[in-house]
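Beneath this line is the structure, given in structure tokens, with notes to follow.
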Amino acid sequence: MISLICLPLLCICYFAYQGQFQKWAAIDMHWFNDTTIEKWNKHFESKINIRAFDNYPNFYITGNENNNRVVVQEVQDICKQMIRNKEYGKGVTVNFTGKSKYRDLVNIIDAAYSLKEIGFIPYNDKVFITVPKPYKPETGVMTIDEGGLIMCGTVTLNNEPSLFNKIISFLKPYYIFWPSIIPFLLMLFFAFRRQFKIHPSN
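For the sequence shown, our numbering assigns the number 1447 to the initial residue and increments by one for each residue that follows.
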């Protein structure tokens, strides 16, 4: 009976060690340059003025992990303050040096994206983070050959999944356990059969 309890626990520990319970996410975004910004401003009412960011705080991501962690925290604190004070249009600039790593970029994007009211604009070797004004439907259209579809960290679509998809999404992390269920059920079967043989019912 001890093995009946330990086997599931060992399976759970093994899968947790393998990272099977981690959730992964992806952000589809367009990297801006002068050309794409010009096309954006041509087609949409909400203009992008990167020169305005010269007046806002600047941060630098270096190869120093301790410094990078401090930068991420400071950026989040400033963003929260701008949201609280409704400072629409203001922002910060995060500069990436030659020693920056891809992980540093992901951390900055994640820090901005975790705050719902924040938008970010990747531009060359920088990321501009700002508090956009409340959403107003855009009338412009930007075709694929004019620069592609652009998402700058603010998503306005909300597709509610069906009940079936919710159930599948809930059960999906647990499908990895099915190989261990078979030996577990067999162990239960033989254990109880042995118990009945030792203590037969009257």
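Note that beta-carbon positions come from the ideal geometry of N, C-alpha and C, so glycine has one too. Predicted model, so just to flag it, every value in this text is computed and none were measured.
Asked: Quick one: any contact between the segment 1485-1492 and the segment 1567-1577, if contact means 3 or more CB pairs under 8 Å?; Found: no
Asked: For Cys1525, is the classification buried or exposed, using 16 other Cβ atoms within 10 angstroms of its Cβ as the cut-off for buried?; Found: buried
Asked: What are the uninterrupted segments assigned as alpha helix (DSSP H) that are 4 or more residues long and contained completely in the segment 1519-1585, given in chain order?; Found: 1548-1559
Asked: Checking the sheet assignment: what are the DSSP bridge partners for Ser1510?; Found: The sequence shown places Asn at residue 1510, rather than the Ser named in the question. None, per the DSSP bridge assignment.
Asked: Per DSSP, what kind of secondary structure is Phe1505 in: helix, strand or coil?; Found: strand
Asked: As a quick exercise: from Val1552, Lys1532, Lys1545 and Asp1550, pick the residue whose alpha carbon is nearest that of Ile1564.; Found: Lys1532
Asked: What first and last residue would you give for the alpha helix (DSSP H) that runs through Glu1484?; Found: Asp1480 to His1489
Asked: Using C-beta distances below 6 Å, list every residue in its chain close to Asn1553, excluding the 5 sequence neighbours before and after it, in chain order.; Found: Val1518
Asked: How long is the line joining the alpha carbons of Gly1535 and Lys1562, rounded to whole angstroms?; Found: 15 Å
Asked: What three-state label does DSSP hand Ile1494 in the structure shown?; Found: coil
Asked: Are Phe1542 and Asp1571 closer than 8 Å when you measure CB to CB?; Found: yes
Asked: Express the C-alpha separation of Leu1456 and Phe1636 in angstroms, rounding to a whole number.; Found: 20 Å
Asked: Counting C-beta neighbours from all protein chains within 10 Å, is the total for Ala1498 16 or more, i.e. buried, or is it exposed?; Found: exposed
Asked: Could you tell me the alpha carbon to alpha carbon distance between Val1540 and Leu1634, rounded to whole angstroms?; Found: 58 Å
Asked: Looking at C-alpha atoms only, which residue of Leu1631, Thr1482, Asn1512 and Met1528 is the closest neighbour of Asn1495?; Found: Thr1482
Asked: With a threshold of 6 Å on Cβ separation, who are the neighbours of Asn1604 within its own chain once the five nearest residues in sequence on each side are excluded?; Found: The predicted model places Asn1604 with a pLDDT of 41, which falls under 50 and marks its position as unreliable, so this point remains unresolved.
Asked: If Val1521 sits next to Ala1557, beta carbons under 8 Å apart, how far is it from one beta carbon to the other, in whole angstroms?; Found: 6 Å
Asked: Measuring straight from C-alpha to C-alpha, what distance separates Tyr1569 and Gly1544?; Found: 15 Å
Asked: Rounded to whole angstroms, what's the CA-CA distance from Cys1459 to Phe1638? Just pull it up for me.; Found: 26 Å
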